[in-house]
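The structure appears below as structure tokens.
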Amino acid sequence: MKKDKSAKPVAKPSEGLMDQKLSRRDMLRLTGVGGLGLLLGGTGAGSIIAARKASEPAPAALAANADTIPFYGSHQSGILTPAQNFIVFAAFDLTTTKLAEVKQLLEAWTTAAAALTSGSLIGNVNDNPNLPPSDTGEADGLSPSKCTLTFGVGPAFFDGRFGLASKRPSTFADLPAFAGDALEPQWCGGDLCVQACADDLQVAFHAIRNLARIARGTAVLRWTQEGFQRTGGADPKGGTPRNLLGFKDGTGNPDVTDAAAMQEIVWSGSGDGPAWMNGGTYMAVRRVQLRVEVWDRSPLSDQENTFGRYRQSGAPIGAKDEFADLNLEAKDAAGRPVVPPNSHSALSHGDGSVKILRRSYSYSSGMNLKTGQLDAGLLFISFQKDLVKQFVSIQQRLAKSDMLNEYILHTGSAVFACFPGVREGGYIGETLLG
Amino acid sequence: MKFNYAIPTGLLVASILFTGCASNDNNNNNNSGNEAAAASSSNAANAPASTTAPAAADLTSAIEQYRNYVIEQCDAFVKMTESFTTAVKAGQLEEAKALYAPSRMHYERIEPIAEALGDLDPNIDARENDVDPADWRGFHKIEQALWQNGTTDGMSEVADQLLKDAQLLRAKVETTDIDATLLVTGAVGLLNEVSSSKVTGEEERYSHTDLYDFVANVEGAQKIYELLKPELAKKDPALDQTIGERFTALLNELAPFKSGDGYVSYETLKEDEIRKLSQNLDALAEPLSNMGTILGV
Ligand code: HEM
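Chains A and B, in that order, give the protein sequences.
Using full-length UniProt numbering, the letters of the first sequence correspond one by one to residues 1 to 434.
Using full-length UniProt numbering, the letters of the second sequence correspond one by one to residues 1 to 297.
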């Protein structure tokens with residue numbers, strides 16, 4: 001079902017690859033990453049020439065543009081969308097206590113989001129010398145860069161303030177404490193979230209900046225985190241991106257083009273909870289600091305045992321192919337499991353019955369002034385239809401015995417109920433507030 | 001204070017004369033207390049070319065009233081500064097400290113005017129690293145002596161000079177051009193002053209009386225808003241309402257920090273209290289920056 005979103009016309013058809021036969025695994029791999037997944041639509045380079053005047057509202061035809069991901073649809077984009085190069089994540093707190101003002105904010109955000117994701121300027125006061133321009137301008141003339149904006153509400157949204165307590169999905173609450181958590185309030189929670197992703201950091205920043213500006217007086221920023229992965233340009237073959245520990249990250253993700261799997265893993269459906277979440281999903285965000293200095297001192301075999309995978313190929317230990325099934329039963333000559341049971345892959349995989357869709361980004365926030373060490377890590381983001389059954393059950397196993405714990409520190413945590421998609425003429429969160 | 005703040009005095013008369021407001025009222029439909037809607041309504045109001053309907057916003061009375069306000073504040077400023085500098089020269093340390101912040105409030109309320117008057121602002125209000133050490137004079141030099149050094153010694157000349165500068169300001173405002181653009185940009189300028197130096201506690205780094213300046217800047221902006229309000233309410237009632245509400249919200253946020261006739265030391269504010277003040281200030285400054293809508297296109 002996501003073909004229309006994830007299989008966009010190609011920017012630069014590379015003949016060699018077009019000729020090759022792609023296995024399902026290849027397709028999966030390609031669609032799982034920004035660049036080459038886009039091969040599959042096959043179209044001339046002309047389609048990327050986004051001829052448009054910045055001040056003009058995006059015509060519907062723009063949706064066909066390779067650099068544009070449609071904002072409207074039955075699901076929000078930025079969830080199954082192959083991860084773009086950059087993220088700017090922002091959690092907001094509402095300062096108003098009036099539901100009507102929240103609704104006005106979401107309506108204003110909807111209008112702005114439609115402009116931001118199509119690369120047009122926000123508002124129509126951009127040339128009045130007496131007034132501050134309605135768009136801050138730094139993305140003027142830039143391509144939409146596959147910008148997606150994904151909106152959600154946190155559990156706090158359902159406290160007493162707005163009279164919505166009865167609408168809270170029954171299992172939707174702040175995450176329980178996990179062993180080893182080192183959470184800092186400055187990286188936790190939020191009434192609202194906006195995940196801005198784009199292939200250009202300036203485009204993503206511009207989106208958050210303008211949404212925060214529009215929110216002034218109604219909501220304030222609570223915390224933000226920027227993130228990145230290797231760019232499509234740096235990896236034209238579009239392999240699985242590596243995290244900052246040097247390992248391929250995303251291999252074990254479910255196939256986003258498999259509509260049935262996505263219905264089972266990601267989308268809240270009828271019978272899964274309140275009707276207003278039909279077609280929506282729940283997002284778990286964890287800001288995980290990496291102790292890179294410590295990691296860098298560990299021998300390769302320790303590193304590989306930690307993940308249960310080879311660093312170079314990404315294949316499970318004992319296998320050759322990155323996408324080979326994790327065989328947790330395999331034993332070596334001495335009868336010991338080939339993939340260490342406490343490795344990150346083995347533990348997070350479990351019996352394979354519980355899956356989540358991960359969509360994480362690396363972050364680098366300068367250095368820690370106390371230690372002189374790098375402040376770098378993973379902005380872990382996953383989508384699932386049930387936070388407790390999926391994310392929490394996996395993270396409980398990990399927190400208890402993951403070999404990776406020696407090298408990581410969970411410093412931030414938040415969960416959000418991401419609304420179903422917005423229909424044209426509607427607004428973000430309409431199913432909840434309408 | 002802000003030295004490189006260029007007031008576009010030239011724009012004035014033209015913008016007032018050609019202001020039309022006939023096509024305005026139909027644009028104010030999606031009113032709301034939220035910034036976005038406020039911005040869009042004021043934005044929409046400016047989109048159509050309003051070349052017809054020369055029912056020009058008459059701001060002459062607002063400008064006249066503002067001039068009176070400025071003069072009034074200047075008179076009080078000179079008087080208070082005289083008491084302050086007298087105390088400094090008489091070596092009355094505690095008396096001088098008590099007069100310091102209240103005197104400055106009159107100045108802070110009309111800061112954009114002083115800034116438009118060339119060197120006066122740096123002479124009166126420069127902080128230690130704002131100017132060449134040899135040129136440093138004015139309030140903050142005395143502030144440093146009173147609080148950091150705990151003495152009035154050596155401040156006699158600085159005090160005399162300060163009073164002279166204050167009197168010069170008073171003389172100059174009499175003839176200063178005040179126009180609608182200065183009013184509109186001045187209101188936002190006052191709030192920008194707050195967010196760039198008062199919020200951070202850098203303005204009054206020895207005395208920590210930043211809240212006095214904070215409040216005075218806000219009051220100065222509020223005065224301008226009140227003078228422009230009749231025109232604004234005609235042109236964009238939603239924007240007017242939003243600005244009014246945000247002033248109230250900010251002043252409510254400031255109220256708990258009152259102490260006697262003045263304000264508590266900025267050092268006693270907690271980080272989250274400061275952040276909240278700053279966010280309320282931004283929430284106000286954003287719609288306030290759209291007051292230019294009454295100037296027409
Ligand atoms: C800094 C923190 C983390 C790092 C560096 C990390 C890295 C990795 C890597 C390299 C893999 C193997 C490749 C792959 O299958 O994608 C993996 C797999 C996985 N991780 Fe993580 N991860 C982290 C945190 C988490 C957390 C918090 C969860 C969820 C609670 C999680 C859930 C998973 C799952 C479900 C898999 C796939 C297992 C399977 O094959 O079925 N990870 N992770």
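Glycine residues also receive a C-beta, built at the ideal position from the N, C-alpha and C atoms.
All figures in this text were calculated on a predicted structure; none of them were measured in a lab.
Closer than 8 Å, CB to CB, is residue i near chain B or not?
i                 : result
Leu121 of chain A : no
Val392 of chain A : no
Val415 of chain A : no
Val220 of chain A : yes
Leu131 of chain A : yes
Cys147 of chain A : no
Pro337 of chain A : no
Please tell me whether residue i has its Cβ less than 8 Å away from any Cβ of chain A.
i                 : result
Arg246 of chain B : yes
Thr60 of chain B  : no
Gly292 of chain B : yes
Leu93 of chain B  : no
Glu157 of chain B : no
Leu168 of chain B : no
Glu286 of chain B : yes
Ser207 of chain B : no
Ser195 of chain B : no
Leu295 of chain B : yes
Ser289 of chain B : yes
Asn26 of chain B  : Confidence in Asn26 of chain B is poor, its pLDDT being 37 and thus under 50, which makes the residue's placement unreliable; the coordinate value appears in the next sentence. Chain A, which has no Cβ nearer than 8 Å to the Cβ of Asn26 of chain B, makes this no.
Glu72 of chain B  : no
Can the beta-carbon of residue i be found less than 8 Å from the beta-carbon of residue j?
i                 : j                 : result
Lys89 of chain B  : Ala159 of chain B : yes
Gln76 of chain A  : Cys418 of chain A : yes
Leu251 of chain B : Ile294 of chain B : no
Val173 of chain B : Leu288 of chain B : no
Tyr361 of chain A : Phe247 of chain A : no
Arg213 of chain A : Glu286 of chain B : yes
Val184 of chain B : Gly260 of chain B : no
Val338 of chain A : Ala346 of chain A : no
Met277 of chain A : Pro169 of chain A : yes
His349 of chain A : Gly252 of chain A : yes
Thr281 of chain A : Ile79 of chain A  : yes
Pro129 of chain A : Thr68 of chain A  : no
Ile124 of chain B : Asp165 of chain B : yes
Gly279 of chain A : Gly180 of chain A : no
Thr81 of chain B  : Leu163 of chain B : yes
The ligand HEM heavy atoms versus the CB of residue i: any closer than 7 Å?
i                 : result
Arg309 of chain A : yes
Lys331 of chain A : no
Lys400 of chain A : no
Arg213 of chain A : no
Phe157 of chain A : no
Arg286 of chain A : yes
Ile394 of chain A : yes
Leu404 of chain A : yes
Gly252 of chain A : yes
Leu378 of chain A : yes
Ser382 of chain A : yes
Ser413 of chain A : no
Asp321 of chain A : no
Ser345 of chain A : yes
Glu235 of chain A : Inspection of the sequence shows that residue 235 of chain A is occupied by Asp rather than by Glu. Outside the cutoff, so no.
Ser364 of chain A : no
Asp249 of chain A : yes
Ile317 of chain A : no
Ile408 of chain A : yes
Point to revise | Contact list for the region 192–217 of chain A against chain B, Cβ threshold 9 Å | key: Arg213, Ile214, Ala215, Arg216 and Gly217
Point to revise | Contact list for the region 95–125 of chain B against chain A, Cβ threshold 7 Å | key: none
Check your understanding: If contact means a Cβ-Cβ distance below 9 Å, which residues of the region 251–284 of chain B contact chain A?
Key -> Arg275, Lys276, Gln279, Asn280, Asp282, Ala283 and Leu284
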